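Engineer: For the sequence shown, the working numbering assigns the number 496 to the initial residue and increments by one for each residue that follows.
Heads up, the beta-carbon is just placed ideally off N, CA and C, and yes, glycines get one too.
Note that the structure is predicted; figures quoted are calculated from it, not measured.
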Amino acid sequence: MIEGISKGQSMPEKPYYYPQETMSVFRVVGSQTQEFLSRIVTADISSLAQFQHTLSNILTIKGKLIAFFHLIQDEGAYWILVDREMKQPLKDQLEKYIITEDVAIEEHPHMKIASFFGKEQVASLSDAAFDKTLIFSREKIGSHVVAWVWGPEQDLYEFCESFGQKMTPDQYEDQRIFLSIPRWGIDVSSEHMPFELEYLEPATSTKKGCYPGQETVSRLEGRGRNVNKKLFQVIFPRSSSSIELPVELHSEQGVVGTLTSVSHHDCSEGKVLALAWVHRKAFEQNWWIQNKDQKIQIERYTK
Numbered sequence: 496m497i498e499g500i501s502k503g504q505s506m507p508e509k510p511y512y513y514p515q516e517t518m519s520v521f522r523v524v525g526s527q528t529q530e531f532l533s534r535i536v537t538a539d540i541s542s543l544a545q546f547q548h549t550l551s552n553i554l555t556i557k558g559k560l561i562a563f564f565h566l567i568q569d570e571g572a573y574w575i576l577v578d579r580e581m582k583q584p585l586k587d588q589l590e591k592y593i594i595t596e597d598v599a600i601e602e603h604p605h606m607k608i609a610s611f612f613g614k615e616q617v618a619s620l621s622d623a624a625f626d627k628t629l630i631f632s633r634e635k636i637g638s639h640v641v642a643w644v645w646g647p648e649q650d651l652y653e654f655c656e657s658f659g660q661k662m663t664p665d666q667y668e669d670q671r672i673f674l675s676i677p678r679w680g681i682d683v684s685s686e687h688m689p690f691e692l693e694y695l696e697p698a699t700s701t702k703k704g705c706y707p708g709q710e711t712v713s714r715l716e717g718r719g720r721n722v723n724k725k726l727f728q729v730i731f732p733r734s735s736s737s738i739e740l741p742v743e744l745h746s747e748q749g750v751v752g753t754l755t756s757v758s759h760h761d762c763s764e765g766k767v768l769a770l771a772w773v774h775r776k777a778f779e780q781n782w783w784i785q786n787k788d789q790k791i792q793i794e795r796y797t798k
């Protein structure tokens with residue numbers, strides 16, 4: 496699998512891109528923006544350079560997720576890219592904490608977002624994006640790079656068509672699963688904590704100043720991030736019949752988790768990649784799912 500595209504394909508000269516039509520853009524501005532956000536978000540934003548990206552969360556007092564989002568510094572203001580399912584809860588939480596600070600939230604409904612994939616290919620996109628008055632930032636996910644580009648709809652789509660190769664929805668879903676990016680309402684919800692998901696762990700600072708939920712985060716850090724369940728990448732043989740998600744994950748102890756997302760294409764010969772929640776008691780056990788009359792063995796995927 497190459498950056499989540501079907502195994503065996505060579506990477507095209509143009510990077511793959513996907514229009515993020517379910518995401519929204521807004522910006523937090525004002526002379527006290529950094530101080531304000533630092534008291535609320537889980538990421539340490541104190542040293543972000545111009546157009547530098549960080550993933551962040553906003554948590555409840557008990558450390559549960561309200562939203563996770565992309566945060567990019569721009570001359571003292573901060574762009575936020577967030578899935579629409581999480582936009583209003585995130586915006587409500589930010590507005591709740593604006594009391595006397597010189598801070599405002601700007602809506603940018605005319606702006607659209609696209610993400611580009613391919614470590615080498617996205618490296619040369621930034622100058623071209625800025626030439627078109629688009630905004631560009633890179634997200635690192637392990638050894639992989641995702642380029643985020645956003646701006647006026649027409650400019651963005653002209654840029655995408657000139658410099659990228661559009662992914663199908665199925666290809667993007669494979670890419671998302673390959674990078675362990677959770678989807679709100681499918682793989683993750685307000686019942687989860689950031690240390691339960693590998694993708695969200697870097698978004699959660701254990702060293703910066705106070706933010707809602709930090710006490711819970713600190714306790715978990717002190718216990719070695721020993722959480723009750725985790726979202727794993729798993730791999731299993733492709734079933735002869737479709738799998739209706741979510742589906743229960745079993746071990747010899749009974750039901751120990753849930754399979755939430757499955758790739759559309761094979762990541763290796765005859766096998767598909769998926770995301771699954773697994774309870775701590777079963778981390779070291781054998782897993783399977785029951786799909787109609789077929790028992791399918793599940794293995795943890797290691798890159």
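Taking only runs that begin and end inside the segment 754-778, name each unbroken alpha helix (DSSP H) of 4 or more residues, in chain order.
Structural biologist: none
Engineer: Rounded to whole angstroms, what is the Cα-Cα separation between R795 and F531?
Structural biologist: Along the sequence shown, read from residue 1 onward, the residue named residue 795 stands at position 300. Along the sequence shown, read from residue 1 onward, the residue named residue 531 stands at position 36. If you take the alpha carbons of R795 and F531, they lie about 40 Å apart.
Engineer: Would you kindly report the start and end of the unbroken beta strand (DSSP E) that includes Q728?
Structural biologist: Taking the first residue of the sequence shown as 1, we reach residue 728 at position 233. That run of the beta strand (DSSP E) goes K724 to P732.
Engineer: Between K559 and H687, which are expected to be in contact by the criterion C-beta below 8 Å, what is the C-beta distance as a whole number of angstroms?
Structural biologist: Locating residue 559 in the sequence shown gives position 64, counting from the first residue. Locating residue 687 in the sequence shown gives position 192, counting from the first residue. Correct: roughly 7 Å between the Cβ atoms.
Engineer: Please report the distance separating the alpha-carbon of T701 from that of G752.
Structural biologist: Along the sequence shown, read from residue 1 onward, the residue named residue 701 stands at position 206. Along the sequence shown, read from residue 1 onward, the residue named residue 752 stands at position 257. T701 and G752: Cα-Cα distance of roughly 28 Å.
Engineer: Pick out whichever of V640, H605, G637 and P647 has its Cα sitting closest to the Cα of F625.
Structural biologist: Working through the sequence shown from its first residue, we reach residue 625 at position 130. Ranking V640, H605, G637 and P647 by Cα distance to F625 puts P647 first.
Engineer: DSSP has V523 in a bridge; who is on the other side?
Structural biologist: Counting from 1 along the sequence shown, the entry for residue 523 is found at position 28. Per DSSP, the beta bridge partners of V523 are Y573 and I600.
Engineer: Output the boundary residues of the beta strand (DSSP E) element that contains L554.
Structural biologist: To locate residue 554, count along the sequence shown from 1; it is residue 59. Where L554 is concerned, the enclosing beta strand (DSSP E) stretches over H548 to L554.
Engineer: DSSP state of K591, grouped into three classes?
Structural biologist: For the purposes of this step, residue 591 is taken as residue 96 along the sequence shown, with counting starting at 1. Helix.
Engineer: Kindly indicate the opening and closing residues of the beta strand (DSSP E) around Y511.
Structural biologist: As a first step, residue 511 is located in the sequence shown; it is residue number 16 there, counting from the start. For Y511, the enclosing beta strand (DSSP E) covers residues Y511 to P514.
Engineer: By Cβ distance, which residues of its chain are closer than 6 Å to L692, with the 5 residues on each side in sequence left out?
Structural biologist: One-based indexing of the sequence shown puts residue 692 at position 197. Sequence-distant partners of L692 (beyond 5 residues in either direction) whose C-beta falls short of 6 Å from its own C-beta, in its chain, are P677 and L726.
Engineer: May I have the straight-line CA-CA distance separating Q649 from A623, to the nearest angstrom?
Structural biologist: Here residue 649 corresponds to residue number 154 of the sequence shown, with the count starting at 1. Here residue 623 corresponds to residue number 128 of the sequence shown, with the count starting at 1. Each residue's alpha carbon lies about 15 Å from the other.
Engineer: Kindly confirm or deny that the segment 659-670 and the segment 744-762 touch, where touching means at least three C-beta pairs closer than 8 Å.
Structural biologist: yes
Engineer: Are A698 and L550 touching if we call contact CB-CB under 8 Å?
Structural biologist: Residue numbering aside, residue 698 sits at position 203 when the sequence shown is read from its first letter. Residue numbering aside, residue 550 sits at position 55 when the sequence shown is read from its first letter. Taking 8 Å as the Cβ cut-off, A698 and L550 qualify as a contacting pair.
Engineer: What's the call for G499, buried or exposed, on a 16-neighbour Cβ count within 10 Å?
Structural biologist: Locating residue 499 in the sequence shown gives position 4, where the first residue counts as 1. With a pLDDT of 43 at G499, under the threshold of 50, the modelled position of this residue cannot be trusted, and the question is left open.
Engineer: With H, G and I counted as helix, E and B as strand and the rest as coil, what does DSSP make of P677?
Structural biologist: Here residue 677 corresponds to residue number 182 of the sequence shown, with the count starting at 1. P677 falls in the coil class under three-state DSSP.
Engineer: Give me the Cα-Cα distance between I630 and W645, rounded to the nearest whole angstrom.
Structural biologist: As a first step, residue 630 must be located in the sequence shown, where it is residue number 135. As a first step, residue 645 must be located in the sequence shown, where it is residue number 150. Approximately 5 Å between the Cα atoms of the pair.
Engineer: When DSSP builds the beta bridges, which residues end up paired with M518?
Structural biologist: Reading the sequence shown from its first residue, position 23 is the one you call residue 518. DSSP, once it has assigned bridges, lists D578 as partnering M518.
Engineer: Do V520 and H603 count as a contact pair if the criterion is CB distance below 8 Å?
Structural biologist: Within the sequence shown, residue 603 is the residue found at index 108, counting from 1. Within the sequence shown, residue 520 is the residue found at index 25, counting from 1. Taking 8 Å as the Cβ cut-off, H603 and V520 qualify as a contacting pair.
Engineer: Just verifying my parser: in three-state terms, what is the DSSP assignment at P647?
Structural biologist: Residue mapping note: residue 647 aligns to position 152 of the sequence shown, counting from 1. Correct three-state label for P647: strand.
Engineer: Could you tell me which residues DSSP pairs with G752 in its beta bridges?
Structural biologist: By one-based count along the sequence shown, residue 752 stands at place 257. Paired residues: L744 and V773.
Engineer: Where D597 and Q527 are concerned, what is the direct C-alpha to C-alpha distance, given to the nearest angstrom?
Structural biologist: The count along the sequence shown starts at 1 and reaches residue 597 at position 102. The count along the sequence shown starts at 1 and reaches residue 527 at position 32. Answer to the nearest angstrom: the Cα atoms are 6 Å apart.
Engineer: Can you name, in chain order, every residue of its own chain whose Cβ lies under 8 Å from the Cβ of P510, other than the five neighbours on each side?
Structural biologist: Locating residue 510 in the sequence shown gives position 15, where the first residue counts as 1. For P510, where only same-chain residues beyond five positions count, the Cβ hits under 8 Å are F611, F612, G613, Q616, V617, L620, A642, F658, G659 and Q660.
Engineer: Please determine, among S746, D578 and T537, the residue with the shortest C-alpha to C-alpha distance to F514.
Structural biologist: For the purposes of this step, residue 514 is taken as residue 19 along the sequence shown, with counting starting at 1. Note that residue 514 corresponds to Pro in the displayed sequence, not to Phe. The shortest Cα separation from P514 among S746, D578 and T537 belongs to D578.
Engineer: Can you name the start and end residues of the beta strand (DSSP E) that A624 belongs to?
Structural biologist: In the sequence shown, counting from the first residue as 1, residue 624 sits at position 129. From DSSP, A624 is part of no beta strand (DSSP E) but of the alpha helix (DSSP H) over L620 to D626.
Engineer: Would DSSP call K586 helix, strand or coil?
Structural biologist: For the purposes of this step, residue 586 is identified with residue 91 of the sequence shown, where counting begins at 1. Correct three-state label for K586: helix.
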